[in-house]
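A.B. asks: Top to bottom, those sequences are chains A and B. Take the first sequence: its letters are residues 18 to 126, numbered as in the numbering used here. Take the second sequence: its letters are residues 399 to 511, numbered as in the numbering used here.
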Amino acid sequence: DAKTTQPTSMDCAEGRAANLPCNHSTISGNEYVYWYRQIHSQGPQYIIHGLKNNETNEMASLIITEDRKSSTLILPHATLRDTAVYYCNSNTNAGKSTFGDGTTLTVKP
Amino acid sequence: DGGITQSPKYLFRKEGQNVTLSCEQNLNHDAMYWYRQDPGQGLRLIYYSQIVNDFQKGDIAEGYSVSREKKESFPLTVTSAQKNPTAFYLCASSIIDGSYEQYFGPGTRLTVT
């Protein structure tokens with residue numbers, strides 16, 4: 018299971034894109050990268066995941082580098098409700114799951 | 399309405415008592431997980447289970463025990479051997495065939511005094 022590292026905090030202006038990086042340099046070939054977010058005192062919510070290719074859904078986009086050592090979660094038009102802690106996670110075949118310490122994103126008006 | 403339920407939301411215990419936290423899911427997921435979260439910190443894996451009657455230790459299993467007698471249920475017991483049991487406990491589940499995104503319950507906040 019890969020160890021993930023993320024910046025402790027980031028700010029973003031409302032309406033602008035928020036780009037949240039994650040380093041997972043020890044990730045193995047069959048480990049997916051997942052992103053979750055947690056609003057205070059609630060359970061984390063799944064956002065998006067990927068293995069090798071970039072991914073997009075209605076919530077966000079995920080860019081994974083070609084060497085798979087890092088990834089970036091992109092919230093294209095951040096709103097005040099996107100203020101949360103964002104976690105990068107790796108998981109091999111629903112086995113041992115590793116979360117980083119997360120990035121606290123603050124979206125400012 | 400499918401999802402994961404954890405009960406109770408808040409739990410208070412005296413030091414030296416064992417306490418069991420409930421986690422139930424009706425998503426028909428095979429895998430279930432328990433995490434511990436301390437204030438201002440990330441999630442740390444306590445135990446996980448991929449199939450009924452089988453489970454594995456996570457990174458911080460000491461002082462905890464689990465059982466998986468039914469697919470829907472994965473209770474966590476915090477024993478008196480756990481030195482710092484006060485924390486926010488999160489349960490999650492996922493499928494094991496395909497993508498493994500986890501769905502989390504609302505959590506139980508345990509306070510031991």
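Cβ coordinates follow ideal geometry from the N, Cα and C atoms, glycine included.
If we define contact as Cβ-Cβ less than 8 Å, is G32(A) a contact residue for chain B?
C.D. replies: Cβ-Cβ to chain B under 8 Å: no for G32(A).
A.B. asks: By the 7 Å beta-carbon criterion, what residues does the segment 59-93 of chain A contribute toward chain B?
C.D. replies: Residues passing the 7 Å Cβ filter: Q59, G60, P61, Y63 and H66.
A.B. asks: Take T25(A) and list the residues in its own chain whose beta-carbon comes closer than 6 Å to its own, dropping the five residues that flank it on each side.
C.D. replies: Contacts found: none.
A.B. asks: In or out: L79(A) buried (at least 16 other Cβ within 10 Å) or exposed?
C.D. replies: Buried is the call here.
A.B. asks: Which partner residues does R442(B) have in the DSSP bridge list?
C.D. replies: Looking at the DSSP assignment, R442(B) forms a beta bridge with R434(B).
A.B. asks: Apart from the five residues just before and just after G456(B), which ones in its own chain have a Cβ nearer than 7 Å to its Cβ?
C.D. replies: Here the set comprises L443, I444, Y445 and Y446.
A.B. asks: Residues in the same chain with beta-carbon distance under 7 Å from S463(B), minus the five sequence neighbours each way, listed in chain order, please.
C.D. replies: Taken in chain order, the residues that qualify are T475 and T477.
A.B. asks: Output the distance between the C-alpha atoms of P61(A) and N451(B), rounded to the nearest integer angstrom.
C.D. replies: Going by the C-alpha atoms only, they are around 26 Å apart.
A.B. asks: Of all the options R434(B), D436(B), I402(B) and Y487(B), which has the alpha carbon lying nearest to the alpha carbon of D428(B)?
C.D. replies: Nearest of R434(B), D436(B), I402(B) and Y487(B) to D428(B), Cα basis: I402(B).
A.B. asks: Which of the three DSSP states, helix, strand or coil, is assigned to L97(A)?
C.D. replies: If DSSP states are grouped into helix, strand and coil, L97(A) belongs with the helices.
A.B. asks: For chain C, find out if any of its Cβ atoms is closer than 8 Å to the Cβ of Y408(B); answer yes or no.
C.D. replies: Although the question refers to chain C, the structure presented lacks it and instead comprises the protein chains A and B.
A.B. asks: Against chain A, which members of the segment 487-508 of chain B pass a CB distance test of less than 9 Å?
C.D. replies: Listed in sequence order: L488, C489, A490, S492, I493, I494, D495, S497, Y498, E499, Q500, Y501, F502, G503, P504, G505 and R507.
A.B. asks: So what's P473(B) in DSSP terms, helix, strand or just coil?
C.D. replies: It is coil, neither helix nor strand.
A.B. asks: Quick one: is P483(B) buried, meaning 16 or more other Cβ sit within 10 Å of its Cβ, or exposed?
C.D. replies: The residue in question, P483(B), is buried, as its Cβ has 16 or more Cβ neighbours within 10 Å.
A.B. asks: Apart from the five residues on each side of it in sequence, which residues of its chain come closer than 6 Å, Cβ to Cβ, to C29(A)?
C.D. replies: Taken in chain order, the residues that qualify are A35, A95 and V124.
A.B. asks: By DSSP, does M27(A) sit in helix, in strand, or in coil?
C.D. replies: Reduced to three states, the DSSP call for M27(A) is strand.
A.B. asks: Give the residues of chain A in contact with Q415(B), contact being defined as C-beta atoms less than 8 Å apart.
C.D. replies: Neighbours of Q415(B) on chain A: none; closest Cβ ~24 Å, over 8 Å.
A.B. asks: Would you verify that the beta carbon of M46(A) is, or is not, closer than 8 Å to some beta carbon of chain B?
C.D. replies: Note on residue identity: the sequence assigns Gly, not Met, to residue 46(A). No, G46(A) lies away from the interface with chain B (no Cβ there is under 8 Å from its Cβ).
A.B. asks: Report the neighbours of S107(A) on chain B: residues whose CB is nearer than 7 Å to its CB, in chain order.
C.D. replies: The contacting residues do not exist; S107(A) stays about 10 Å from chain B at best.
A.B. asks: Can you tell me whether H41(A) is buried or exposed, with buried defined as 16 or more other CB within 10 angstroms of its CB?
C.D. replies: Buried, since its Cβ has 16 or more Cβ neighbours within 10 Å.
A.B. asks: Taking CB distances under 8 Å as the criterion, tell me whether G440(B) reaches chain A.
C.D. replies: With 8 Å as the cut-off, G440(B) counts as an interface residue toward chain A.
A.B. asks: Would you call the segment 408-417 of chain B and the segment 112-124 of chain A touching, i.e. three or more CB-CB distances under 8 Å?
C.D. replies: No, because fewer than three Cβ pairs between the segment 408-417 of chain B and the segment 112-124 of chain A fall closer than 8 Å, the two stretches do not touch.
A.B. asks: Would you call T509(B) buried or exposed, if buried means 16 or more other Cβ atoms sit within 10 Å of its Cβ?
C.D. replies: The residue in question, T509(B), is exposed, as its Cβ has fewer than 16 Cβ neighbours within 10 Å.
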